[in-house]
Structures are given as C-alpha cells and as structure tokens.
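Read the structure below first, then the notes.
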Amino acid sequence: MTDHPVQLRLLGRLTLWKQGVDIPLPSSRKVRGLLALLAVTSGPLPRSRVCDLLCDSSSDPRGELRWCLSKLRAVLDGSSKQRVDAAGDAVALDLSDCYVDTKQIALIREPGLETLNVSQLRELSDLYSGDFAAGLELDRNPEFASWLSAQRRRFRADHVAVLEQLVVRYGEEYQSEAFASLEKWLQLAPFDRRAHELLLQRLLQAGRIKEGEAHLEATIRLFEAEGVDWMSIRECWRAARQKRMQEGPEVVQLSSPPPVETKPETPSIAGSFGPRRASICVMPFSDRSLEPGARGGLADWLTEDIITRLAKLRVLFVIARGSVFSLCERNVPPEEAARLLKVDYVASGSVRRYQGRLNVTAQLAEAATGRIVWADDFSYSLDAAFDVLDEIGNRIVISLAGQIETAERNRAVLKPPSSLDAWEAYHRGLWHMYRFNAEDNRHAAHFFQLAVKQDRTFARAHAGLSFTHFQNVFLHWSAERDREIERAYAAAADSIVADDLDPAAHWAMGRALWLRGHVDDSVLELQRSVGLSPNFALGHYTLGFVQSQEGDAQSAIESSDISRQLSPFDPLMFAMLASRAIALFRLQRYEEAADWASKAAVRPNAHVNVQAVAVNCLAAAGRLDEARAQVVVLRRAAPDYGIDDFFRAFRFPAETRESFRRSAAKVGL
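Be aware that the sequence shown starts at 6, since it is given in my numbering, and climbs by one per residue.
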C-alpha cells in the first residue's frame with residue numbers, strides 16, 4: 006500500500022491514508038457516501054444519477070453535490086494530481102495511482118478463484134475486512150440505502166466464494182484454518198446448507214461427534230425459526246454417521262468436494278428433475294415508493310410477469326413464484342436465496358415512482374461468485390406506466406435469457422470437448438453456429454449431435470441441429486440439398502416430440518416446412534412459436550423472413566421490428582435487417598429498402614445472401630456506385646455468385662423475381 010500516494014479502504018470503516026498517514030474524512034455522511042459511490046463505480050456517473058442517490062431530499066440537489074465534491078477535492082486532490090473529475094454533466098474519481106482495497110480484490114480475482122493457490126486465497130480473504138462502507142447510513146435516502154445494501158451483499162457473496170475455496174483446499178493438516186474459515190462463512194451466510202454440511206464433515210473427520218450433534222441441533226433450531234428447510238443437512242449427517250460406523254473411523258465425506266484444480270460448482274436444483282439446465286431465481290422486485298418492508302403493487306406484478314415469461318422460453322430452469330416470495334418475506338437477500346435454492350443465477354431489481362417518472366432497475370448475478378453479469382435501468386413517464394410495463398418486462402426477460410446464454414456459451418467454449426455434458430455441448434454448438442461459415446456449421450452440428458445423444462429430451466439441441474441443416478441448404482454448403490432439407494425437418498420433428506411447448510421447436514419446424522415449400526404450414530408453426538412465448542425473438546424474426554418473401558410484406562416489417570426490439574444484440578441481427586429490406590423492396594419502397602439492406606450487409610457475419618440483398622436493393626434505388634461496391638464485397642466471398650444463386654436461397658412470386666432480376670442486371674450480378 007505504501008507504494009501509492011493515496012490508499013483507500015472501502016471494506017470496513019471508510020479509511021483514507023496519504024503517504025501512510027491517516028487522513029480524517031469529512032464528517033458529512035453524504036461526502037463519505039459520495040466517496041464510496043464514485044470509488045467503486047467504473048467510469049463517470051451522470052450528475053442526475055448521483056443526485057437521485059445522495060441528494061433527492063435536498064431543495065438544491067446539484068448545489069449540495071457541488072459542496073460535497075469540494076470537500077472531496079480537499080482530501081483527495083494533490084498539488085500535481087487532480088483526482089476529482091467533475092467536468093461537464095458527469096462526475097468521477099481518477100484513482101489510477103491509488104491503492105483501493107476493492108480494486109486490489111478485483112485484480113487478484115480476475116484470473117478466477119480456481120487458479121489461485123492457498124496463500125493467494127488467504128491474502129484475498131484478509132482483504133475482506135468488513136462490510137462495504139461499514140457504519141455509513143444516510144437517513145431519508147432510500148435510493149442510496151438500496152444501493153449500499155446491494156454493494157454489501159455483493160462483497161459478502163464474493164467473500165463467501167473465497168472462503169468456500171479455502172475450506173475445500175485445506176487438508177487434514179490445516180483443520181484449525183478450515184474451521185476458522187467455516188466460522189467466517191457461517192457468519193456471512195448462516196443459512197448456507199453447503200457451509201453447514203462442510204462443517205459437519207470436518208467435525209466428523211476430526212472425531213468430534215458430540216460437537217457435530219450439537220451443531221446440527223442448533224442449525225435445526227435456526228432454520229426452523231426462519232422457516233427454511235433443514236432436512237437435507239440432517240440426512241447428510243445421518244448417512245455419514247452410518248457409513249462411518251459400517252466402514253470404520255476412516256474419513257467419510259458428507260458430499261464430495263470439488264477437485265482442488267477445478268472451480269467448485271454449486272449443484273443446481275434443476276439436477277433433481279432431469280438433465281442439467283442453467284437455473285435462475287427471480288427475487289421479488291422492491292418498491293421503493295412504499296414503506297420499508299411493504300409489498301404489492303407494480304413491483305410484485307412485474308416480478309410475476311418476468312417469472313412467467315422466462316418459464317415460457319423453456320430453456321432455463323426457473324424457480325416458482327412461491328419459493329422466491331417466501332424467502333423474500335423472511336428478508337433473505339438475493340445472493341443468499343440463490344445459494345439456498347442452489348441455482349446458477351439470481352435476478353433482482355426495484356421499482357420507484359419519483360417526480361412523475363417510473364424508474365425500474367434490474368440486474369443479473371452469478372450465484373456462485375456474486376459477479377454481476379448484467380444490469381440496466383428503465384425510466385418512463387408515470388402517465389404511461391401501465392402502457393410500458395409490458396415493454397419493460399420484455400426487455401428484462403430477453404436480457405436475462407440472452408446474458409445467461411452468452412455466459413453459458415463462453416464457459417462451454419473453454420472446457421475440453423470430451424468433458425461436456427448435454428447442456429454444455431449445446432452451448433458449444435451455439436458458439437460455432439453463430440459464426441455462419443461452413444466449417445463452424447459442421448462443428449455446430451457435431452456438438453448438437455453430442456447433446457442429443459446424451460439427452461434425447463433436449464428440445465433446443467434438436468432445434469439447433471435442424472438449423473445447421475437449414476444453413477447447409479440456404480447457403481449452398483451441401484450438394485445434397487434435398488437430403489439436408491429432410492434432415493432439417495427430422496431434427497425439428499424430434500424437437501417437437503421432446504418438448505411441444507418449447508417455442509424453439511416450432512421455430513425449427515417452421516423453417517423446415519418453408520424449405521419444403523409449405524409456406525402456409527410454416528407460418529402456422531411460427532405463429533405457434535411466438536404464441537407460446539411472445540419474447541422469443543427468433544420466432545418473430547423467422548415469421549418476418551418467410552412473410553417478407555411470399556406473404557404479407559407489411560406484417561413482415563412488423564415482425565422484423567418486434568424481433569429487433571426484443572433482441573437488440575442478436576447474432577442474427579443482419580438477417581432481421583435484411584428481411585425488413587426485402588419486404589420494403591416488395592412494397593417498392595426502394596430507397597428505404599436500400600438503407601436497411603446496407604445496414605444488414607455491414608453487420609458481423611452477414612453472409613453472401615445478405616450481401617446480395619444489399620446489391621439488389623441499392624441497384625433498385627438507383628444507387629449504382631454503392632451497389633457495384635457491394636458486388637465487389639460479395640465477389641470476395643463467392644466469386645461465382647449470381648442471381649440464380651440468390652433465387653436458390655429465397656422464394657419469391659414471379660413478379661418479385663423479375664424485379665430482382667432487373668436490379669441485378671444493372672450491376673452485372
């Protein structure tokens with residue numbers, strides 16, 4: 006620490022040193038709150054956001070913020086270094102030359118806890134010297150109080166993950182250190198079943214049977230008082246005791262701890278009901294407009310809506326409403342609820358009505374590490390509150406599902422292929438599928454086949470396999486066109502058999518039927534897909550894709566718009582834009598079509614058929630120089646591509662085909 010001119014401790018009591026000398030912080034709680042807020046936030050914060058958090062009860066919030074910033078400058082800025090940056094409409098701290106305990110923690114944790122040795126884990130554990138900004142409370146600032154509680158829960162959860170790693174790493178020669186870590190763990194998370202099981206395991210290994218029985222009795226009383234299920238802990242203890250009596254005094258484990266060289270995984274509750282899926286609990290959103298502890302209204306409605314919508318997607322194991330509301334009523338924080346429910350992810354958020362606005366915040370965190378995967382806030386006029394709640398629910402649900410898919414996909418890519426289970430193989434397949442080239446498409450098919458081989462009931466894996474066969478046809482990657490069409494259809498049928506309520510199954514069938522030339526049946530399947538889950542963006546996109554060519558062009562535009570609103574960062578965004586462009590072309594709105602097609606063509610992974618859409622739309626709009634430039638791009642990827650290849654991919658009425666042919670002729674396609 007002494008190598009830095011300024012040292013700041015945020016965990017425990019807020020403390021500031023300069024050159025090793027303790028510097029008294031301003032007595033104002035708001036100044037210290039501002040210091041904690043800016044020090045733990047990466048990047049600048051808008052002044053309006055800071056005022057909402059710290060000064061919402063003030064008659065002049067911006068004036069009070071300026072006063073607080075001046076107090077911070079007095080203790081942080083030096084003669085040659087200005088650390089308080091309040092330029093423009095945002096405020097930030099430049100602590101690049103400072104030691105900050107939370108930043109040091111993030112630096113040590115960055116490679117992953119599983120890569121650290123015991124000595125590094127001990128050093129990391131020692132840095133968690135108390136609650137975040139311990140003792141700092143602001144009266145009449147519910148917004149800041151909620152933020153502060155979230156930070157404290159996050160760092161507690163981080164500390165628990167470190168302690169868990171230490172406990173499973175300590176061998177018999179470190180029994181006292183293991184017990185000390187377990188004691189800290191239980192202080193932080195008294196209802197964590199794994200902590201109790203590991204403590205009982207250690208007591209049994211040490212032959213301290215009476216202490217184990219006493220701890221079990223105390224745990225049962227504690228859990229019973231809070232209405233938390235304790236049966237699994239008692240059954241583990243009894244089973245281990247019985248096994249010890251049968252086999253002798255050798256070491257008996259209540260549950261097999263993770264190997265030292267791998268990251269400990271919290272078993273998902275979904276594992277009790279079949280093959281593994283990523284699991285999530287959506288904790289009841291808090292309503293900051295109500296009295297503390299009060300429930301009901303928009304927050305509960307939004308929570309129930311999100312749970313229902315997520316469940317309809319059928320890809321995640323979603324904890325039911327009753328369980329999460331029951332834990333919330335006992336004031337169990339989200340991170341601890343996630344550990345009790347043994348889920349992979351936890352979502353939480355808040356609703357607030359303030360100054361004529363409805364503000365909704367939401368976040369997604371990994372249960373095992375407490376790492377925030379995604380967070381966002383939404384603000385609308387209170388007059389339109391009931392009209393926009395549906396939109397807010399849509400955006401939260403698609404963000405949660407999308408972020409989890411990305412996290413699971415990235416995790417699967419880093420694992421050895423031979424170690425993948427069905428869930429991981431499916432996500433490894435997605436990673437390859439979204440790269441949109443022939444080689445990766447073959448790899449995607451391999452991993453989807455691996456997934457369905459391990460789990461025949463996995464509808465999404467069958468749907469993914471169907472999509473790889475669709476790609477082989479649509480992008481001319483296979484000479485066996487008819488056979489690939491039938492493979493796409495067979496895999497889609499397997500998906501529907503596996504789960505008729507999965508929207509992805511009917512999405513796959515809709516695409517396969519379109520390949521077969523059964524347009525009306527295709528539309529019915531795709532409508533079934535979005536009917537099962539209005540949040541399924543791919544269903545809306547594909548409905549627009551089919552209708553843009555042979556159906557209602559205006560409906561195609563609407564479907565494309567819905568898909569983009571639901572999934573603004575979708576890997577198939579180029580296709581969503583191209584479908585809209587084709588529909589506009591059919592409506593003879595060529596200038597608009599050219600604009601949308603040009604956007605599609607520059608998106609990542611835009612394939613040759615999308616490039617051809619851009620060529621034709623630009624030519625039809627009379628933008629021939631741009632069209633010829635696009636032909637050059639197309640020729641680099643497919644030197645022999647011509648208008649007949651374009652018609653092999655898409656299905657158009659005769660009149661539309663002639664329009665495209667005339668456009669292509671203008672630029673020699």
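Think of the CB as a built atom: it goes at the ideal place given N, C-alpha and C, for glycine as much as any other residue. Here the structure is a predicted model, which means the values were calculated and not measured.
Measure from the alpha carbon of residue i to the alpha carbon of each residue in the options, then state which is nearest.
| i | options | result |
| --- | --- | --- |
| Val676 | Ala183, Phe137 and Leu74 | Any question about residue 676 goes unanswered here, given that the chain covers just 6 to 674. |
| Ser47 | Pro573, Asp426 and Ala95 | Ala95 |
| Arg304 | His432, Arg246 and Leu363 | Checking the sequence, you will find Ala at residue 304 rather than Arg. For the residues His432, Arg246 and Leu363, the minimum Cα distance to Ala304 belongs to Leu363. |
| Lys458 | Ala496, Glu491 and Pro421 | Ala496 |
| Trp72 | Ser33, Ala44, Gly93 and Asp57 | Ser33 |
| Lys76 | Trp512, Pro31, Arg18 and Ser294 | Pro31 |
| Asp163 | Arg376, Tyr595 and Glu663 | Arg376 |
| Ile403 | Gln570, Ile238 and Arg461 | Gln570 |
| Arg492 | Asn477, Gln360, Phe383 and Asp504 | Asn477 |
| Trp428 | Ala468, Phe463 and Leu369 | Phe463 |
| Asp566 | Asp575, Gly556, Leu577 and Met581 | Met581 |
| Asp349 | Ile490, Ala412 and Val393 | Ala412 |
| Leu118 | Ser154, Phe149, Val172 and Arg67 | Val172 |
| Glu371 | Gly327, Val287, Asp388 and Leu592 | Val287 |
| Lys35 | Ile28, Leu126, Arg127 and Glu148 | Glu148 |
| Gly469 | Asp487, Arg447 and His481 | Arg447 |
| Leu543 | Gly556, Ser85 and Gly515 | Gly515 |
| Thr20 | Ala139, Asn146, Ile113 and His220 | Ala139 |
| Arg198 | Ala219, Ile214 and Asp234 | Asp234 |
With a Cβ-Cβ cutoff of 8 angstroms, do residue i and residue j count as a contact?
| i | j | result |
| --- | --- | --- |
| Asp99 | Asp90 | yes |
| Ser5 | Phe550 | Because the chain here runs from 6 to 674, residue 5 falls outside it and cannot be looked at. |
| Asp507 | Arg465 | yes |
| Ala632 | Ala642 | no |
| Phe441 | Thr473 | no |
| Ala588 | Ser553 | yes |
| Arg44 | Val105 | Rather than Arg, the amino acid found at residue 44 in this sequence is Ala. Yes. Within cutoff. |
| Ala166 | Thr366 | no |
| Ile285 | Leu315 | yes |
| Trp601 | Ala611 | no |
| Leu318 | Phe290 | no |
| Leu531 | Leu548 | yes |
| Gly407 | Asp310 | no |
| Ala194 | Arg344 | yes |
| Cys56 | Leu39 | no |
| Ser471 | Ala503 | no |
| Ser353 | Arg293 | no |
| Ser500 | His467 | yes |
Which residue marks the beginning of the beta strand (DSSP E) containing residue i, and which one marks its end?
| i | result |
| --- | --- |
| Glu371 | Arg362 to Glu371 |
| Gln593 | That residue, Gln593, is in no beta strand (DSSP E); it is neither H nor E in DSSP. |
| Arg14 | Val11 to Arg14 |
| Lys23 | Thr20 to Lys23 |
| Asp65 | Here Asp65 belongs to no beta strand (DSSP E), and DSSP marks it neither H nor E. |
| Phe383 | Ile377 to Ser386 |
| Asp27 | Val26 to Ile28 |
| Val96 | Ala95 to Leu98 |
Can you name the start and end residues of the alpha helix (DSSP H) that residue i belongs to?
| i | result |
| --- | --- |
| Phe550 | Ala542 to Glu555 |
| Ala497 | Arg486 to Ala503 |
| Ala468 | Ala464 to Phe479 |
| Val55 | Arg52 to Leu59 |
| Leu537 | Val524 to Leu537 |
| His612 | Taken as a continuous stretch (DSSP letters only), His612 belongs to no alpha helix (DSSP H), as it is neither H nor E. |
| Phe441 | Here Phe441 belongs to no alpha helix (DSSP H), and DSSP marks it neither H nor E. |
| Ser130 | Val123 to Leu132 |
| Ala44 | Arg34 to Val45 |
| Phe652 | Ile648 to Ala654 |
| Trp519 | Pro508 to Arg521 |
| Ser664 | Ala659 to Lys671 |
| Leu642 | One detail in the question is off: residue 642 reads as Ala in this sequence, not Leu. First-last of the alpha helix (DSSP H) with Ala642: Leu629 to Ala642. |
Quick test of your reading: residue i and residue j, contact by CB under 8 angstroms. State the CB separation rounded to the nearest angstrom.
| i | j | result |
| --- | --- | --- |
| Val620 | Val636 | 6 angstroms |
| Leu129 | Leu121 | 7 angstroms |
| Glu216 | Leu203 | Wrong, their Cβ atoms sit about 14 angstroms apart, outside the cutoff. |
Compute the minimum distance between the beta carbon of residue i and the heavy atoms of the ligand GTP, and state whether it is under 7 angstroms.
| i | result |
| --- | --- |
| Lys604 | Judged by which ligands are present, the structure shown has none, so any question about the ligand GTP falls away. |
Could you confirm whether any beta carbon from chain B is found closer than 8 angstroms to the beta carbon of residue i?
| i | result |
| --- | --- |
| Ser384 | Absent from the structure: chain B. Only one protein chain is present. |
Could I get the ranges of all uninterrupted alpha helix (DSSP H) runs contained in the segment 141-206, with 4 residues as the minimum, in chain order?
Counting only runs of 4+ residues, the alpha helix (DSSP H) found wholly inside the segment 141-206 occupies 147-174 and 180-193, in chain order.
Entirely within the segment 275-360 and at least 4 residues each: give me those alpha helix (DSSP H) ranges in chain order.
303-318, 326-334 and 339-346
Runs of beta strand (DSSP E) wholly within the segment 397-437 (minimum 3 residues, chain order)
Counting whole runs of 3 or more residues, the segment 397-437 contains no beta strand (DSSP E) stretch at all.
What residue ranges within the segment 555-589 form continuous alpha helix (DSSP H) runs of no fewer than 4 residues, ordered along the chain?
558-571
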